[in-house]
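Chemist: Those letters in the sequence shown? Residues 8 to 329, per the working numbering, in order. Each residue gets a CB set at the ideal place from its N, CA and C atoms; glycine is no exception. This one's a predicted model, so the numbers in the text were calculated from it and none came from an experiment. Pasting in a structure now, in structure tokens, and then I'll have a few things to ask.
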Amino acid sequence: MVISQSGYVRCEQCVIKKCDVRKPAKKKKQSGEKTVYKLVILWIITSCLLASTSTYLAFRCHLDASLIALTGNVLSRVNSFLYVSTWLCFFTGILGPILVAFVCVSLRPAFSVAITSIAFCCLVIPCVTLYTEVFIQVMRSMNVTSIQQLSSTGNLKVSPELTSILEQEMWMSLNNFTWNGNDDVSKAWDDVHLELQCCGVSGPDDWRSKRSAAGWICDDVVPEKCYKQYFERRKRLFDCKHIHNGGCFPKAMRIIEAALKHAFLRIFLAIIVMGAWTVLSISCALIWFYLRLKHAKPQQARRKSLSVPSAATMATLSIEES
């Protein structure tokens, strides 16, 4: 087949028979483009699913704000990392597919998967780093030094050092409590008293050191929300026998320990999901390069054969011209 200067297709048989096929030359669509588009669509769907899964796992790991305030913000760093990781992963799951779709529409498929794979990996790497940092901090809090130790002992309990620190912080926050106060510590104690149905750090006796004529009732000198039946009227007389006898620290530690256990498992799963996400992006780029190389060689050979006519064709054309 020979392309004449006028832009029409002439095959060798037609040249011999002295005929000219008046059909404009059309470029065939690359056979690899459909595969590339299918790969991009599969990548977008899978990335959205993985991003949603990682975001949900991180969102469910957040610790209670009241408990964090009472423990002197010891665990606030874990919450901060989880908060940043959640939103970063969420926006990555949205920006990634949008970037893929935009590049595929604006650029040739020859560049779409490669560019978006690299950009998407750059967005995923910070998420994986933050998740790993949270996982390491939770491991230290749970007194776990290695995955091998966890698999052999199954130890998922809060370390004694962290327990001692949390108890000291709760005692310090109790000393800063003010009746009907608007500060964060006072509000946190009121919320914990109501939610956990407890009183003080270890019991109602912890409040005996804090006395105020206007803010405390009965001889036990406890806040109003330590009572089993709480009323908003300040001057109402209460029966001092209906006080919650249990302390807040044991109940708070059970909640914190359960939250750290769930965070440990969920963050571990999130790291696996994010790792699979990164591997998927890199694999898409490698598969694309393979497809491009696979289809590039036949196309180059075909173009070369079309640009250089055979000897028989040249001889026939020379006979016609003469």
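Given 8 angstroms as the limit, is there contact between the region 253-264 and the region 204-211, that is, 3 or more CB pairs closer than that?
Modeler: Cβ pair count under 8 angstroms is three or more, so yes.
Chemist: Please go through the same chain and pick out, in chain order, the residues whose beta-carbon is closer than 7 angstroms to the beta-carbon of Ala348, but skip the five residues on each side of it.
Modeler: This structure leaves residue 348 out entirely; the chain is present only between 8 and 329.
Chemist: For Cys275, which of Met177, Ile294, Phe142 has the nearest alpha-carbon?
Modeler: Here residue 275 corresponds to residue number 268 of the sequence shown, with the count starting at 1. Inspection of the sequence shows that residue 275 is occupied by Phe rather than by Cys. The shortest C-alpha separation from Phe275 is found at Phe142.
Chemist: Please state if the CB of Ser83 and the CB of Asp198 are separated by a distance shorter than 8 angstroms.
Modeler: Residue mapping note: residue 198 aligns to position 191 of the sequence shown, counting from 1. Residue mapping note: residue 83 aligns to position 76 of the sequence shown, counting from 1. No, Cβ-Cβ distance for Asp198 and Ser83 is not below 8 angstroms.
Chemist: Have a look at Thr78 and Cys55 and give me their C-alpha separation to the nearest angstrom.
Modeler: Within the sequence shown, residue 78 is the residue found at index 71, counting from 1. Within the sequence shown, residue 55 is the residue found at index 48, counting from 1. Answer to the nearest angstrom: the Cα atoms are 37 angstroms apart.
Chemist: Looking at the structure shown, is Pro208 part of a helix, part of a strand, or coil, going by DSSP?
Modeler: Here residue 208 refers to the residue found at position 201 when the sequence shown is read from its first residue. For the sequence presented, residue 208 should be read as Val rather than Pro. In the structure shown, Val208 sits in coil (DSSP, three-state: anything other than H, G, I, E or B).
Chemist: Would you list the one or two residues that DSSP bridges to Ile250?
Modeler: The residue labelled residue 250 in the question sits at position 243 within the sequence shown. Answer by DSSP bridge pairing, in chain order: Tyr234.
Chemist: Closest to Tyr90 by C-alpha separation, out of Ala270, Glu176, Leu46, Asp190, would be which residue?
Modeler: Translated into the one-based positions of the sequence shown, residue 90 becomes position 83. For the residues Ala270, Glu176, Leu46, Asp190, the minimum Cα distance to Tyr90 belongs to Ala270.
Chemist: Alpha carbon to alpha carbon, how far is Ile294 from Gln37? Give it in angstroms, no decimals.
Modeler: As a position in the sequence shown, residue 37 is number 30, starting the count at 1. As a position in the sequence shown, residue 294 is number 287, starting the count at 1. The pLDDT assigned to Gln37 is 49, lower than 50, so where the model puts this residue is not dependable; a value taken from the coordinates is nonetheless given after this. Roughly 16 angstroms separates the two Cα atoms.
Chemist: Mind checking whether the beta-carbon of Val165 lies closer than 7 angstroms to any heavy atom of the ligand HEM?
Modeler: The ligand content of the structure shown is nil, which means the ligand HEM is not present either.
Chemist: Going by DSSP in three states, Val229 sits in which element: helix, strand or coil?
Modeler: As a position in the sequence shown, residue 229 is number 222, starting the count at 1. Here Val229 sits in strand by DSSP.
Chemist: For Met281, I'd like the list of residues in its chain whose CB is within less than 8 angstroms of its CB, leaving aside the five on either flank, ordered along the chain.
Modeler: The count along the sequence shown starts at 1 and reaches residue 281 at position 274. Contacts found: Leu57, Ser61, Cys96, Val131, Cys134, Val135, Tyr138.
Chemist: How many angstroms separate the CA atom of Leu46 from the CA atom of Asp190?
Modeler: Stepping through the sequence shown from its first residue, residue 46 is reached at position 39. Stepping through the sequence shown from its first residue, residue 190 is reached at position 183. One C-alpha to the other measures close to 55 angstroms.
Chemist: Which residue's Cα is closest to the Cα of Ala283: Thr53, Ile262, Leu181?
Modeler: Position 276 of the sequence shown, counted from the first residue, corresponds to residue 283. For the residues Thr53, Ile262, Leu181, the minimum Cα distance to Ala283 belongs to Thr53.
Chemist: For Pro211, which residues in the same chain have their Cβ closer than 7 angstroms to its Cβ, ignoring the five residues on either side in sequence?
Modeler: Mapped onto the sequence shown, residue 211 falls at position 204. Counting only Cβ-Cβ distances below 7 angstroms, and skipping sequence neighbours, we find Asp227, Val229, Cys233, Ile250, Asn252.
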